[in-house]
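Protein chains in written order, with the numbering used here: chain A, 1 to 233; chain B, 234 to 463; chain C, 464 to 516. C-beta atoms are modelled at their ideal positions from N, C-alpha and C, and glycine is treated no differently. Please read all numbers here as calculations on a predicted model, not as lab measurements.
Below, the structure written as structure tokens:
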């Protein structure tokens, strides 16, 4: 029995090997940053995770619009997969941010605007997954989940706008500065490589999860048919 | 606005008001809940210093409103579902925007009946020696917040109508979605009550109005998809 | 705000461990899930084949 076909297995392995190499480079090869010291190495994991979480939200938005427009069930299945992967990477972003915050800010958690909004995003992803599982009919799933998907995505850019407002009102920018001149080309290029690899892994995971969802539904259908056959026979 | 749209809107609204009036428990229970919450908040916080009074007043008022309005919103389609009005309207060639706006106005009306007593009570329970806590502007901000929350409420109520475990599901989605509205409402009220920079106040009020517009537009656009025949 | 005197290495190790475990854990869960589904699908299709025989 083949669990993953050759193509999926090879691409998955390539991505994971690339991730390990990028992490090795981030941890042992790249030079230490002047201001923060070695702790800045966490950003090579933290920033790509958050980027992947936002990519998932973007895919969720596209799939939700497509779902409502074409009434296609496939798009909400992809939506569920991207919400799950989005939740995983949002959690990862929060966890690594928190671990970075302890030696930097001196606290595991602070009600900083960006932390709070990211936490809200995680809750919204949870809500989407729960809603998907609690609606049974396929057509209702398309309608309800697509509407929620659009609402979640509509929230993200506006929440971020309010973040800038909040920060300018209450506190100076305290999250690490990634701005141009303060970052050496070496650090920036490695960060971009890490982001690209993590996005690729995110997409690969979404595809795999989508396949699991469709297979799971095939299984449900098949077992239902068999039960009906047995009852009929 | 054409006549058919207007008629449909008024009919939906009239029917909703009749249903709400027929079952007074639906209206009284959120107010009682709000009163209990305010008392619990007062007990929990105890004596406070003067400089914290504004913050505490706003936090307890808006959180109480959020929780008690959630009870109102979550049940807004219940009478329709029970009497099969929802299913009948799904089959009827009704304008979905009129249906949404009818329900939305009803939610605003019912929500106001929860909002006003809650705010008055919160104002009575808290005393700020420097300036009054309950001003017309605070009420205006609270109504702007209600306008945004009501739209999320109607949409989510329609969304979770067929979902299993909707008692848990509704607040789980409603609270994160309402955070931007709540944040803008609390921040603008705080700037207003502490008499700070008016530019900042307008920024926050602008954000609140922006969210209201977005949520109501989304409501009008997406409600049709939820309420369309299956 | 930066607390330069803290030893950063335990934090770096912890962050990358969390990263590795969550990505690897999720992938492993996907693979196990796929294996289980495919196994059950195989059993079902064999059952159908036996019945048709």
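Checking contacts by CB at 8 Å: is residue 227(A) closer than that to chain C? Not a single CB atom of chain C sits nearer than 8 Å to the CB of residue 227(A).
Please state whether DSSP places residue 37(A) in a helix, a strand or coil. Here residue 37(A) carries a strand assignment [DSSP, helix/strand/coil].
Entirely enclosed beta strand (DSSP E) segments - the segment 50–116 of chain A, minimum 3 residues: Not a single unbroken stretch of the beta strand (DSSP E) spanning 3 or more residues falls wholly within the segment 50–116 of chain A.
I'd like to know whether the C-beta atoms of residue 115(A) and residue 127(A) end up nearer to each other than 8 Å. No, they are not a contact pair.
Just the C-alpha distance for residue 229(A) and residue 475(C), rounded to the nearest angstrom, thanks. In this structure, the alpha-carbon of residue 229(A) lies about 57 Å from that of residue 475(C).
Got a sec: does the ligand ZN put a non-hydrogen atom nearer than 7 Å to the Cβ of residue 456(B)? Of ligands this structure carries none, so the ligand ZN is not represented either.
Considering just the uninterrupted stretch of the alpha helix (DSSP H) at residue 445(B), what are its terminal residues? Residue 445(B) -> alpha helix (DSSP H) spans 431–460.
Which residues, taken in chain order from the segment 493–513 of chain C, show a beta carbon closer than 8 Å to some beta carbon of chain A? Here the close residues are 493, 494, 496, 497, 498, 500, 501, 502, 503, 504, 505, 507, 508, 510, 511.
Would a C-beta distance cut-off of 8 Å place residue 264(B) and residue 332(B) closer than the cut-off? No.
Can residue 313(B) and residue 306(B) be called in contact, C-beta distance under 8 Å? Not closer than 8 Å, so no.
What residue range does the alpha helix (DSSP H) around residue 211(A) cover? Residues 185–232.
Quick one: give me the first and last residue of the alpha helix (DSSP H) that residue 337(B) is part of. Judged by DSSP secondary structure, residue 337(B) falls within the alpha helix (DSSP H) whose first and last residues are 329–358.
How many angstroms separate the CA atom of residue 150(A) from the CA atom of residue 52(A)? Between the alpha carbons of residue 150(A) and residue 52(A) lies a distance of about 18 Å.
Contact criterion: CB-CB distance below 8 Å. Does residue 478(C) meet it with respect to chain A? Cβ-Cβ to chain A under 8 Å: yes for residue 478(C).
Measuring alpha carbon to alpha carbon, tell me which of 75(A), 203(A), 82(A) ends up nearest residue 16(A). Looking at the Cα atoms, 203(A) is the closest of the given residues.
So, is the C-beta of residue 212(A) closer than 8 Å to a C-beta in chain C? Judged by the 8 Å Cβ criterion, residue 212(A) is in contact with chain C.
Same chain only: Cβ atoms within 6 Å of residue 334(B), ignoring 5 sequence neighbours per side: Cβ-Cβ distances below 6 Å link residue 334(B) to 242 in the same chain, with the five nearest sequence neighbours on each side left out; the list follows chain order.
Can you find at least 3 beta carbon pairs, one from the segment 400–418 of chain B and one from the segment 102–110 of chain A, that sit closer than 8 Å? Verdict: no, contact absent.
Residue 311(B), enclosing alpha helix (DSSP H) - first and last residue: The continuous alpha helix (DSSP H) containing residue 311(B) extends over residues 311–315.
Taking a Cβ distance cut-off of 9 Å, strictly less, list which residues of the segment 358–391 of chain B are near chain A, in chain order. The residues in question are 385, 388, 389, 391.
Backbone CA spacing between residue 394(B) and residue 221(A) [nearest angstrom]: About 25 Å.
Got a sec, what are the start and stop residues for the alpha helix (DSSP H) residue 387(B) sits in? Annotation for residue 387(B): the continuous alpha helix (DSSP H) segment containing it runs 369–392.
Answer yes or no: does any C-beta atom of chain A fall closer than 8 Å to that of residue 397(B)? Contact with chain A is found for residue 397(B), since one of that chain's Cβ atoms lies less than 8 Å from the residue's Cβ.
Please confirm if the segment 41–48 of chain A is in contact with the segment 65–73 of chain A, defined as three or more CB-CB distances below 8 Å between the two stretches. By the Cβ test, the segment 41–48 of chain A is not in contact with the segment 65–73 of chain A, since fewer than three Cβ pairs between them sit closer than 8 Å.
Just the Cα atoms here: how many angstroms apart are residue 419(B) and residue 292(B)? Their Cα atoms are separated by approximately 7 Å.
In whole angstroms, what is the alpha-carbon distance linking residue 272(B) and residue 301(B)? Near 14 Å, if we compare the C-alpha coordinates of residue 301(B) and residue 272(B).
Within a Cβ cutoff of 8 Å, which residues of the same chain sit near residue 297(B), ignoring the five residues on either side of it in sequence? In chain order, 267, 270, 271, 274, 351, 355 place their CB closer than 8 Å to the CB of residue 297(B), counting only its own chain and leaving out the 5 sequence neighbours on each side.
Quick check on the DSSP output: the alpha helix (DSSP H) that includes residue 361(B) runs from which residue to which? Per DSSP, residue 361(B) belongs to no alpha helix (DSSP H) and is neither H nor E.
Check the Cβ-Cβ distances between residue 144(A) and every residue of chain B, and say whether any is below 8 Å. A Cβ of chain B is located within less than 8 Å of the beta carbon of residue 144(A).
Would you mind working out which of 252(B), 330(B), 290(B), 254(B) sits nearest residue 452(B), comparing C-alpha positions? It is 330(B).
Return helix, strand or coil for residue 176(A), following the three-state DSSP convention. Below a pLDDT of 50, predicted positions are generally treated as unreliable, and residue 176(A), at 42, falls in that range; the measurement from the model is reported next regardless. Coil, per DSSP.
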